[in-house]
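Data block below; observations after.
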Amino acid sequence: MDKISKKRRSWNMFRIKSRNTSPELSVRKFLYKKGFRFRVNYKLEGKPDVIFPKRKVAVFINGCFWHRHGCKNSIMPKTNRGFWKNKLESNVRRDKKVEKILKKQGWGIYKLWECELEQKKEKILKSLINYIKEKSRIL
């Protein structure tokens with residue numbers, strides 16, 4: 516049994532942001548300081564969090580829970596398990612489909628995970644910059 520009311524649970528879920536999350540803002544700030552210019556909210560399959568149109572690089576900054584990273588942050592809720600299992604598995608299927616479509620269109624895909632940004636931010640962001648530069652050389 517859930518310890519909070521249905522109304523309160525609905526309110527909590529409503530408050531979860533899908534854009535301009537702390538990890539997204541942190542990555543964008545880092546990239547901007549390093550001189551990279553990018554687009555957000557670009558109309559592209561899967562709605563990547565950050566894209567570099569000329570370089571054809573799409574960056575997804577994934578929450579571990581919502582995209583089932585497999586780390587300690589992606590634990591399945593104990594209540595309403597059927598709903599969550601279907602919802603989260605659907606997210607993973609959609610992510611794979613989007614990645615396949617974008618790769619077919621020639622886009623490079625780079626995924627950042629929330630937990631990795633918390634634990635080793637500098638290393639992960641340097642890796643992202645290297646990926647962007649490498650992808651630019653290929654084009």
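If you count the sequence shown from 1, you need to add 515 to reach the numbering used here. All residues carry an ideal CB built from backbone N, CA and C; glycine is no exception. The model shown is predicted, which means the values in this text are computed figures rather than measured ones.
#1: Quick one: residues in its chain with C-beta nearer than 7 Å to the C-beta of C579, no 5 flanking neighbours on either side, listed in chain order?
#2: Quick one: grab the DSSP three-state call for K549.
#3: Please name the residue, chosen from V613, G597, S651, E539, that lies closest to L559 on a Cα-to-Cα basis.
#4: Within the same chain, show all residues whose beta-carbon is closer than 6 Å to that of K650, passing over the 5 residues directly before and after it, in chain order.
#5: For L627, does the three-state DSSP call read helix, strand or coil?
#6: Would you give the residue range spanned by the alpha helix (DSSP H) that N577 belongs to?
#7: Using only CA atoms, which one of K593, L640, N601, V565 lies nearest to H582?
#8: Among the residues of its own chain, which have a CB less than 7 Å from the CB of L617, if the five just before and after it don't count?
#9: Since V565 sits in a beta bridge, which residues does DSSP pair it with?
For this structure:
#1: For this step, residue 579 is matched to residue 64 along the sequence shown. Excluding positions up to five away in sequence, the list reads C586, N588, S589, W628, E629, C630.
#2: Translated into positions along the sequence shown, residue 549 becomes position 34. Three-state result, K549: coil.
#3: The residue given as residue 559 occupies position 44 in the sequence shown. The residue with the shortest Cα to Cα distance from L559 is V613.
#4: Reading the sequence shown from its first residue, position 135 is the one you call residue 650. So the qualifying residues of the chain are R570, V572, G623.
#5: Along the sequence shown, read from residue 1 onward, the residue named residue 627 stands at position 112. Three-state result, L627: strand.
#6: As a first step, residue 577 must be located in the sequence shown, where it is residue number 62. It is not in any alpha helix (DSSP H) - N577 instead sits in the beta strand (DSSP E) that spans 572-577.
#7: By 1-based counting over the sequence shown, the position of residue 582 is 67. The shortest Cα separation from H582 among K593, L640, N601, V565 belongs to N601.
#8: Looking up residue 617 in the sequence shown gives position 102. Cβ neighbours of L617 beyond the five flanking positions: E560, G561, A573, I624.
#9: As a position in the sequence shown, residue 565 is number 50, starting the count at 1. V565 pairs with V574.
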